[in-house]
Amino acid sequence: MKRVLSIQDISCVGKCSLTVALPIISAAGIETAILPTTVLSTHTAFKGFTFRDLTDDIDPIIAHWQQEKIVFDGIGTGYLGTFRQIELVETIFEKFSHEGMLRFVDPAMGDNGKLYVGFDEAFAKRMGKLCGKADIIVPNLTEAAFMLGEKYMESGYTREDIQALLKRLCALGCPVAALTGVSLEEGKCGVMAYDSRTGDFCEYYSEKLPYSFHGTGDVFSSACFAALIHGQSLEKALATAVEYTVESIRQTVSYEGHNWYGVDFESAIPRLLELLAR
Ligand code: PXL
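At the far end of the sequence shown sits residue 1464, using the numbering used here, and the numbering has no gaps.
Written out as structure tokens, the structure reads:
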């Protein structure tokens, strides 16, 4: 059985980060170890959330794992709350590195042209450095713009604009970059990726649903990470992640009074298993 490590916060309520990654990667049949970086009462879109930084626990936890000779097939990261946590992730990448281990970074920091509460441009640049140490990164257009210190492209961009942006992302140091939330055609939304080792681009689009929910980036990245570890090619893994995210949104809006704070990825798990079995 494959074993991965997911490093991000626990938002106790608000379906994102570890409460999304752990069930999704586990459902894919992969042992999922976790390293919670912070415990928040909710994700930061709620008002008045509590925040307990667990950074001081990280060093002793990794020392223990090293003593136990724990090996991971992949390490995936999401929302990280502080500069120090980013530094520690870099240390973990180094300490647990071995041939074939996948370093997957989702620089979860913002959406719709804005950084989440608590982040600034300096933090985004620092996250860009972490991205340089990954094997694959999956930013959205907002995160890509902030990491590169560029203007956010809301709409009106071309395929060539996205391709050039992907090349600039790989210039951070990672061999593969995938940009999420790309819409080149009315009613369609998806992802475009670039592998700088081969010079190949790939893309996958699905129906653009007229809703925006928190946590969809985390659903996408958890499914993509799981699909890659499962053995799917980059192109297939991106399609799996897009279709699973779309199905999660469809499930969410299929009943009245649905949450505003997260998507119903749980009801879409049978679809994930179908997508992984292709
Ligand atoms: O979904 C990304 C995310 C993860 N963790 C926390 C967040 C957010 C988005 O707002 O606030 C704590």
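Yeah, the Cβ is synthetic: ideal placement off N, Cα and C, and Gly gets one too. All figures in this text were calculated on a predicted structure; none of them were measured in a lab.
Identify, in the order they occur along the chain, each residue of the same chain with its Cβ nearer than 7 Å to the Cβ of residue i, setting aside the five sequence neighbours on each side.
i       : result
Phe1399 : Ile1435, Thr1438, Gly1448, Val1449
Ser1369 : Cys1375, Lys1394
Glu1276 : Leu1316, Lys1319
Phe1332 : Met1295, Gly1296, Leu1301, Glu1307, Ala1310
Leu1461 : Thr1426, Glu1429, Tyr1430
Ile1211 : Val1190, Ser1192, Thr1218, Ser1408, Phe1411, Ala1412
Pro1222 : Asp1195, Ile1196, Leu1204, Leu1240
DSSP puts residue i in a beta bridge; with which residues?
i       : result
Ser1192 : Ile1220, Gly1262
Leu1365 : Met1378
Leu1536 : This structure leaves residue 1536 out entirely; the chain is present only between 1187 and 1464.
Identify the continuous alpha helix (DSSP H) that holds residue i and give its terminal residues.
i       : result
Gly1403 : 1402 to 1416
Tyr1430 : 1420 to 1439
Ser1203 : 1203 to 1213
Glu1460 : 1455 to 1462
Ordered along the chain, which non-local residues of its own chain (more than five positions away) have a Cβ less than 6 Å from that of residue i?
i       : result
Ile1261 : Leu1191, Arg1289
Asp1359 : The sequence given here places Gly at residue 1359; Asp does not occur at that position. Cβ neighbours of Gly1359 beyond the five flanking positions: Gly1318.
Phe1451 : Val1405, Ser1434
Tyr1391 : Lys1374, Gly1376
Lys1188 : Ile1216, Asp1259, Ile1415
Val1303 : Thr1230
Pro1325 : Pro1293
Asn1298 : none
Ser1407 : Asp1292, Val1324
From what residue to what residue does the beta strand (DSSP E) around residue i run?
i       : result
Ser1398 : Where Ser1398 is concerned, there is no enclosing beta strand (DSSP E), given that its DSSP letter is neither H nor E.
Tyr1447 : No beta strand (DSSP E) holds Tyr1447; DSSP gives it neither H nor E.
Glu1389 : 1386 to 1393
Go through its chain and collect everything with a Cβ distance to residue i's Cβ below 8 Å, but skip five positions before and after it.
i       : result
Leu1414 : Gly1260, Leu1288, Phe1290, Ile1322, Leu1420, Ala1423
Met1339 : Leu1327, Ala1331, Asp1347, Leu1351
Thr1402 : Thr1431, Ser1434, Ile1435, Val1449
Assuming residue i contacts residue j under a Cβ cut-off of 8 Å, what Cβ separation, rounded to an integer in Å, is found between them?
i       : j       : result
Thr1224 : Leu1204 : The Cβ separation is near 10 Å, so there is no contact.
Leu1352 : Tyr1380 : 4 Å
Val1257 : His1284 : 7 Å
Ala1409 : Thr1431 : 7 Å
Ser1227 : Thr1218 : Not really, about 23 Å apart at Cβ, beyond 8 Å.
Lys1233 : Gln1252 : Contact doesn't hold; Cβ gap of about 40 Å is too wide.
Ala1364 : Cys1356 : No, Ala1364 and Cys1356 are not in contact; Cβ-Cβ is about 11 Å, not under 8 Å.
Leu1458 : Ala1213 : 6 Å
Ala1207 : Gly1267 : Wrong, their Cβ atoms sit about 16 Å apart, outside the cutoff.
Ile1272 : Met1313 : 6 Å
Gln1418 : Phe1387 : Not really, about 18 Å apart at Cβ, beyond 8 Å.
Met1378 : Glu1371 : Contact doesn't hold; Cβ gap of about 12 Å is too wide.
Compare the C-beta of residue i with all C-beta atoms of chain D and state if any pair is closer than 7 Å.
i       : result
Arg1464 : Within the model displayed, chain D is absent; a lone protein chain is all it includes.
Any alpha helix (DSSP H) of 4 or more consecutive residues that is wholly inside the stretch 1310 to 1352: 1327 to 1334
Report the residue ranges of all beta strand (DSSP E) runs contained in full by the stretch 1232 to 1315; include only those spanning at least 3 residues, in chain order. 1237 to 1239, 1260 to 1263, 1288 to 1291
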